[in-house]
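Okay, so here's the structure we're looking at.
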Amino acid sequence: MPRPRFSTLSAACATALATALLGPATGAHATAATHYSGTLTDGATWVADKPEEWNGTLLLFSHGFGPTTAADAPSTAARQALLDAGYALVGSSYDPNGSMWALESAERDQFAALTAFRRRVGTPSRVISVGQSMGGLVNAQIARDGAGRVDGALGLCGLVAGGVDLDNYQLDAEYTLATFFDPTDADALVNLDNQTDAAALADRLTKAVEAAQQTPPGRARIALAAAYLNLSDWAPGQQPPAHGDFAGQEQQQYAWLAQGLLGFIVPARWSVEQSAGGNTSWNKGVDYAGLLRKSAHAKQVAALYRDAGLDLRNDLNRLTRGAHITANPAAVAHLKRTSTAGQSLAVPLLDIHTTADQLVPVEQESAFAGRLRVAGDSALLRQAYVARQNHCNFTTAEVVAGLHAVEHRLETRHWDDAATATELQYSAEELGLDGAAFADYRPSRLTGPR
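Put into structure tokens, the structure is as follows:
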């Protein structure tokens, strides 16, 4: 598995998402701003904030998976930090009447919020789209479709591989766990009835994983499921395991699972199915041996199977023979239409990702870049990496440095070195804020796309 080459690792590990992204507000010196709000034609709401000394740049913020309430920044602290820097902010709720996986309306509502800002607040000299997590997927769609409406884009921990790939590789992992540790649920992983049932399923799978961790065969099979999940082997509060420390890698993958990862991703599947109108993932016809061969964790899995005295080939054949889950074609078509990106880019986009992201694996960036190479738009894309654990766990300095790199591209029409780890690190440190950990890093190939 590729390891980050650290340019600096000055920031602490694993802080809460709501406060990590842009750090504390500036307190007594906070910039005053005028707040605006309104309702869009589809019932979505929008909010905006404009500082007294506006620099002319408007940030169009796309929020992540969660309640469909209007947001123009990741947190109260984030809003104040950006206002202090002179940026105006705007963002929408997306459609509040359906699923939290609101990709059917998100891009449309973001463009409508931008129009509402122009009519109600003023005309910006520049618009930069910013999105995090699921909003990073919305952001990538805006970067694809937003010519003439936005000038550039900054993605943070974005779910840029899209909904179909997400659901499929998560299904592969859940199917593996259920097959070996919770067989009564192996046929109940999709077509979820409601969020309560999904949460109960996640709880059963988590308890089964906790029991399995107590034996070498259980740990080997957990590593197999983690490989299909593209799960990082660097957990919060720990140092990265050595390249050949396969047992240490599995221990940290288990830590992610034991700390409630399944309790997030399984109920989230229900939201996706609710949005799409049916099951959007499938494994019928999947060759699980071939799938493992493509994983960066293949050597780890093979080593742990040998140490446990298990026959890996038999387990992989068992998974392949038992794979009979089929998707709802209309639901898949809906998800492909609403929840994909990478077909092209219309404006420059910088994506920033933590190297140990448990919810949106950094390997999604590899899949996204590959699609843009096929589309012929690689020159518009840059990707940068922060050597840290946890989803969206960025410092203020890292986000502002990324924003400045996008502005450099817009002002000069060239990326130059602005989006390299070295330059981003220098730029972040020059801000004198809260540190940075940009790293030279290349993500592995995403496991699981069909």
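All residue numbers in the sequence shown are consecutive under my numbering, ending with 451. Idealized CB from N, CA, C, for every residue including glycine.
Buried or exposed, going by whether 16 or more other CB atoms sit within 10 Å of the CB of residue i?
i: Phe132; result: Per the sequence shown, the amino acid found at residue 132 is Gly instead of Phe. Buried is the call here.
i: Gln384; result: buried
i: Val333; result: buried
i: Leu18; result: For Leu18, the predicted model reports a pLDDT of 35, less than 50, meaning its position is unreliable; a value from the coordinates is still stated below. It counts as buried.
i: Gly164; result: buried
i: Arg410; result: buried
i: Pro444; result: buried
i: Ala328; result: buried
i: Pro330; result: exposed
i: Asn284; result: buried
i: Gly92; result: buried
i: Ser63; result: buried
i: Asn394; result: buried
i: Asp166; result: buried
i: His354; result: buried
i: Asn195; result: exposed
i: Ala33; result: exposed
Should residue i be flagged as near chain B, meaning a C-beta pair shorter than 8 Å?
i: Ser272; result: Although the question refers to chain B, the structure presented lacks it and comprises just one protein chain.
Return the CA-CA distance between residue i and residue j, expressed in angstroms with no decimal places.
i: Leu432; j: Gln390; result: 23 Å
i: Pro184; j: Val122; result: 57 Å
i: Ala162; j: Ser233; result: 17 Å
i: Thr9; j: Leu104; result: Here Thr9 scores only 26 on pLDDT, less than 50, and its place in the model should not be relied on; the value that follows carries that caveat. About 36 Å.
i: Leu360; j: Lys51; result: 32 Å
i: Leu1; j: Glu366; result: Given a span of 2 to 451 for the chain in the structure shown, any question on residue 1 remains unanswerable.
i: Glu424; j: Val151; result: 25 Å
i: Leu206; j: Ala154; result: 38 Å
i: His312; j: Pro241; result: The displayed chain sequence assigns Asp, not His, to residue 312. Distance between the alpha carbons of Asp312 and Pro241: 28 Å.
i: Gln252; j: Asn315; result: 24 Å
i: Pro237; j: Glu53; result: 40 Å
i: Asp418; j: Trp55; result: 28 Å
i: Thr216; j: Arg109; result: 50 Å
i: His298; j: Asp96; result: 39 Å
i: Leu317; j: Tyr88; result: 53 Å
i: Val267; j: Arg414; result: 43 Å
i: Trp235; j: Gly264; result: 19 Å
i: Leu336; j: Gly403; result: 30 Å
i: Gln214; j: Val407; result: 45 Å
Using beta-carbon positions only, say whether residue i and residue j come within less than 8 Å of one another.
i: Val1; j: Tyr386; result: Residue coverage of the chain in this structure runs from 2 to 451, which leaves residue 1 outside it and unanswerable.
i: Gly323; j: Thr180; result: yes
i: Ala74; j: Leu90; result: yes
i: Ala187; j: Tyr176; result: yes
i: Tyr37; j: Ala45; result: no
i: Thr229; j: Tyr170; result: Looking at the sequence itself, residue 229 is Tyr, so the reference to Thr does not match. Yes. Within cutoff.
i: Leu225; j: Val287; result: no
i: Ala309; j: Ala221; result: yes
i: His392; j: Ser428; result: no
i: Pro125; j: Leu83; result: no
i: Ala388; j: Ala438; result: yes
i: Ser282; j: Asp168; result: yes
i: Leu382; j: Leu350; result: yes
i: Leu160; j: Trp271; result: no
i: Ser340; j: Leu138; result: yes
i: Gly65; j: Ser134; result: yes
i: Gln260; j: Ala227; result: no
i: Ala440; j: Ala422; result: yes
i: Ser130; j: Leu61; result: yes
i: Ser94; j: Ala71; result: yes
Tell me the DSSP bridge mates of residue i?
i: Gln390; result: Ala357
i: Asp50; result: His36, Leu90
i: Gly323; result: Looking at the DSSP assignment, Gly323 forms no beta bridge with any residue, so it has no partner.
i: Gln240; result: DSSP output for Gln240 lists no bridge partner at all.
i: Gly153; result: Ile129
i: Leu206; result: Beta-bridge pairing links Leu206 to no other residue.
i: Leu292; result: Leu292 pairs with nothing; no bridge assigned.
i: Ser63; result: Gly132
i: Thr58; result: Arg127
i: Asp352; result: Gly156, Gln384
i: Ala148; result: Val151
For the pair the segment 96 to 108 and the segment 263 to 278, tell me if three or more CB-CB distances fall below 8 Å. These segments touch.
For the segment 417 to 437 and the segment 110 to 117, state whether three or more C-beta atom pairs, one from each stretch, are separated by less than 8 Å. No, the segment 417 to 437 is not in contact with the segment 110 to 117.
Touch test, the segment 339 to 349 against the segment 371 to 382, Cβ-Cβ under 8 Å, three pairs minimum: Contact between the segment 339 to 349 and the segment 371 to 382 is present: 3 or more CB-CB pairs across the two stretches fall below 8 Å.
Please confirm if the segment 196 to 210 is in contact with the segment 130 to 150, defined as three or more CB-CB distances below 8 Å between the two stretches. Judged by Cβ distances under 8 Å, the segment 196 to 210 makes no contact with the segment 130 to 150, as fewer than three pairs qualify.
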